Every structure is written in structure tokens, then in C-alpha cells.
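The block underneath contains the structure these notes are about, expressed in C-alpha cells.
Numbering (the numbering used here), first residue to last: 4 to 60.
This is how it looks when you write it as C-alpha cells:
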């Protein structure tokens, strides 16, 4: 499970860095990109939750 947690953390950090880069470059937030990132994060959290649930059984 530690590898999964590290992957999640790395993914979130990289995504935030990309968002910050775009924000600095364009001086505005790209909402389409933000929405797709949020959807990805929600899906990953759901998958993570269910995989953890199955492993605990």
C-alpha cells in the first residue's frame, strides 16, 4: 500500500505544480484543465478506497 500512497502523493504534487505553472504563465486559471484534474482525482480516490476495502477483507 505504501507504493500506492507515494504514487498518489507524487501525482497530486505534479498536478499542482502544472496548475501553478499555467497560472503564472497565463495569469488566469484554465478551468477546463482544472475540471479534468478534479475528475481524475475523484476517480483515483474512489478506486483507492475500493482497493483498500477489498484488501482489508
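Even glycine gets a Cβ: it sits at the ideal position worked out from N, Cα and C. All of these numbers come straight from a predicted model, not from anything done at the bench.
Exercise for the section: Specify, as a first and last residue, the run of the alpha helix (DSSP H) that residue 6 falls within. Expected result: 5-29
Handout entry: Whole-number beta carbon distance between residue 18 and residue 50, since they are thought to touch under 8 Å
Key = With a Cβ gap of about 16 Å, residue 50 and residue 18 do not count as contacting.
Exercise for the section: Since I believe residue 25 is in contact with residue 36 (beta carbons under 8 Å), could you give me their beta-carbon distance rounded to a whole number of angstroms? Expected result: 7 Å
Problem - Nearest to residue 10 (by Cα), restricted to the options 44, 22, 28, 29 - result: 44
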